[in-house]
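Numbering (my numbering), first residue to last: 395 to 500. For reference, the structure is listed below as structure tokens.
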Amino acid sequence: MNEQLADARLARAESSSDDVELFAAENSSHYLIGLVNKTASEKSIKLNLRNLNRYYDSRFTLPVTEYRIGPEDTQFTARKVRAIVQRTNQISMEGFSLILLLIPKQ
């Protein structure tokens, strides 16, 4: 029953995010997961990323499509990450061009 509920939530998260695109990057110390509002200007998104890179010695590189995070070496795909983010934070991209999650590498 819980699996069916989780699958339904995942499907809802996938279908309700037509205006949101997920991307991922990494540097030597962190994974970066970003949700981008597709209606935002490219200039706005690049400015946000440029500002972020100023705070890290090692620049983030794009793209990363799979993650291995945590002691169990759990694999996260972009689809799973998007669903997790949307379910736990109920993110609305309205008014935002970019939302970022930083995950330290283990």
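Note that CB positions come from ideal geometry on N, CA and C, so glycine has one too.
If you draw a straight line from the Cα of A434 to the Cα of K499, it comes to about 29 Å.
Counting along the chain, the unbroken beta strand (DSSP E) around N431 starts and ends at 424-431.
Beta-bridge partners assigned by DSSP to A418: I427.
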